[in-house]
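Colleague:
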Amino acid sequence: DISPFHKFTISNGLRVVNFSLERPAFYLVRRGTVSESLDRGLREQALDLGVNIHFSEIIPKKDADIIATGPNPKKIFVVAKGISFQTKMEDLVAIFLGDKVAYKGYSYLLVADGHGCMCTVIFDKFEKIDSYLRKTKKIFSEIADLDVKKPRKIAGVGSFSVNAVLEKEGRLYVGEAAGLQDLLWGFGIKKALISGYLAAKSLIEKKDYQKIARDYFKDKLKASLVNRFLWEYFGFHDYSFILNVLENADDPLEFLFSFHNFNFLQRMLYPLASYHVKKN
């Protein structure tokens, strides 16, 4: 199941900006083992195609054609922690920006069809994640009338590399195992699905996966790196500048999309942004 959202709220603690758009700003996708989740949907498609899935079995890496094992623990750049829960709240999306609540990142409260998720996502000071989560819960309890039932702890990490390792010793790397993730927000589902598709297609058609995937992802990864640089240098801790830009944009979605396409400004800033990332 997917839930399209046309409305969302962003706050930095000093002001609240409400967005209402004609087309969906984004879609919420359910994950996990429930029947309507993305994971179950992909599993059913695979089984329908005759794929054999072996759970609780480990094969030696040398015997694998495709490596899809998730984030590289040596290249962790983002940590997320929070809760998922059942609720009677109305559907909503609320985002909070502020380094005192989510260092260099953001916190969010998502509610759709009786299910909710509240998390903090940070890009540094990982050892303070529990403190940031407590502050996140306090902030959202002040913003919304929270109704949390059957809370379940959730957490995750992200791995990024602008020079993605797409092939090594004859094995094809996809998703976060290759370093394919968004450095600005920490999103990675779309990149995982596309890289997995390209890897399988390359094996079947005997094509050069490394070239195909690099051509597809290289500008997106560079744009992501510049976006992270801009976020950290123009956020000024309360992110008022970013809120002003989004609020005054004629089309906030078009404005945001342009920053995922390695536009002219990003090409100019890339050398500086690359130096900043390597330095840190």
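Once you know that position 279 of the sequence shown is 966 in the numbering used here, the rest is easy, because the numbers rise by one and skip nothing.
Glycine included, every Cβ here is placed at the ideal spot set by N, Cα and C.
Can you tell me whether Asp832 is buried or exposed, with buried defined as 16 or more other CB within 10 angstroms of its CB?
Modeller: Numbered from its first residue, the sequence shown carries residue 832 at position 145. Under this definition Asp832 is an exposed residue.
Colleague: Is it buried or exposed, Tyr962, if we count other Cβ atoms within 10 angstroms and call 16 or more buried?
Modeller: Mapped onto the sequence shown, residue 962 falls at position 275. Under this definition Tyr962 is an exposed residue.
Colleague: Residues in the same chain with beta-carbon distance under 8 Å from Phe874, minus the five sequence neighbours each way, listed in chain order, please.
Modeller: Looking up residue 874 in the sequence shown gives position 187. By the criterion of a C-beta distance shorter than 8 Å, Phe874 is surrounded in its chain by Gln868, once the five residues flanking it on both sides are discounted.
Colleague: Using a Cβ distance threshold of 8 Å, determine whether the stretch 841-849 contacts the stretch 749-767, with at least three qualifying pairs required.
Modeller: yes
Colleague: Output the boundary residues of the beta strand (DSSP E) element that contains Lys768.
Modeller: Here residue 768 refers to the residue found at position 81 when the sequence shown is read from its first residue. DSSP places Lys768 inside the beta strand (DSSP E), whose first and last residues are Ile763 to Gln773.
Colleague: Quick check: the Cα distance between Asp817 and Gly769, rounded to an integer number of angstroms?
Modeller: Here residue 817 is taken as the residue at index 130 of the sequence shown, counted from 1. Here residue 769 is taken as the residue at index 82 of the sequence shown, counted from 1. Distance between the alpha carbons of Asp817 and Gly769: 9 Å.
Colleague: Mapping DSSP to helix, strand and coil, what is Tyr903?
Modeller: In the sequence shown, counting from the first residue as 1, residue 903 sits at position 216. Tyr903 falls in the helix class under three-state DSSP.
Colleague: Would you mind stating whether Ile740 and Ala733 have Cβ atoms separated by less than 9 Å?
Modeller: Locating residue 740 in the sequence shown gives position 53, where the first residue counts as 1. Locating residue 733 in the sequence shown gives position 46, where the first residue counts as 1. Yes, these two residues count as a Cβ contact at 9 Å.
Colleague: Considering only the alpha carbon of each residue, which of Asp688, Ser707 and Ser743 lies closest to Arg717?
Modeller: Here the question's residue 717 lines up with position 30 in the sequence shown. For Arg717, the nearest C-alpha among the options comes from Asp688.
Colleague: Taking its Cβ as the centre, do 16 or more other Cβ atoms sit within 10 Å of Leu959, making it buried, or is it exposed?
Modeller: Mapped onto the sequence shown, residue 959 falls at position 272. Burial call: exposed.
Colleague: Cutting at 6 Å between CB atoms, please list the residues of its own chain near Phe928, excluding the five before and the five after it.
Modeller: Taking the first residue of the sequence shown as position 1, residue 928 is located at position 241. Within the same chain, Phe928 has close Cβ partners Phe921.
Colleague: Could you have a look at Phe810 and say whether DSSP puts it in helix, strand or coil?
Modeller: Numbered from 1 along the sequence shown, position 123 holds the residue referred to as residue 810. In the structure shown, Phe810 sits in coil (DSSP, three-state: anything other than H, G, I, E or B).
Colleague: At the level of alpha carbons, what is the spacing between Leu908 and Val721?
Modeller: Translated into the one-based positions of the sequence shown, residue 908 becomes position 221. Translated into the one-based positions of the sequence shown, residue 721 becomes position 34. Looking at the two C-alpha atoms, the distance is approximately 32 Å.
Colleague: Starting from the Cα of Ser771, find the closest Cα among Tyr795, Cys804, Ala781 and His947 and give me that residue.
Modeller: Along the sequence shown, read from residue 1 onward, the residue named residue 771 stands at position 84. Comparing Cα positions, the closest option is Cys804.
Colleague: Could you spell out where the beta strand (DSSP E) holding Ile782 opens and where it closes?
Modeller: The sequence position of residue 782 within the sequence shown is 95, counting from 1. It spans Leu779 to Phe783 - the beta strand (DSSP E) in which Ile782 sits, taken as one unbroken run.
Colleague: Where does Lys694 sit, in a helix, a strand or coil, going by DSSP?
Modeller: Stepping through the sequence shown from its first residue, residue 694 is reached at position 7. Reduced to three states, the DSSP call for Lys694 is strand.
Colleague: Once you ignore the five residues that flank Tyr790 on each side, which residues in its own chain have a CB closer than 6 Å to its CB?
Modeller: Stepping through the sequence shown from its first residue, residue 790 is reached at position 103. Around Tyr790: Ile809, Asp811 and Lys812.
Colleague: Taking the Cβ atom as the reference point for each residue, do Ala851 and Arg901 lie within a distance shorter than 9 Å?
Modeller: Locating residue 851 in the sequence shown gives position 164, counting from the first residue. Locating residue 901 in the sequence shown gives position 214, counting from the first residue. In this structure, Arg901 lies closer than 9 Å to Ala851 by Cβ.
Colleague: Using beta-carbon positions only, say whether Ala799 and Leu715 come within less than 9 Å of one another.
Modeller: In the sequence shown, the residue the question calls residue 799 occupies position 112. In the sequence shown, the residue the question calls residue 715 occupies position 28. For Ala799 and Leu715, yes; Cβs fall inside 9 Å.
Colleague: Considering Phe713, what are the terminal residues of the beta strand (DSSP E) in which it resides?
Modeller: Translated into the one-based positions of the sequence shown, residue 713 becomes position 26. From DSSP, the beta strand (DSSP E) with Phe713 extends over Phe713 to Val716.
Colleague: Where Asn948 and Asp906 are concerned, what is the direct C-alpha to C-alpha distance, given to the nearest angstrom?
Modeller: Here the question's residue 948 lines up with position 261 in the sequence shown. Here the question's residue 906 lines up with position 219 in the sequence shown. For Asn948 and Asp906, the distance between alpha carbons rounds to 7 Å.
Colleague: Where does Phe949 sit, in a helix, a strand or coil, going by DSSP?
Modeller: Against the sequence shown, residue 949 aligns to sequence position 262. In this structure, Phe949 counts as coil in the three-state DSSP scheme.
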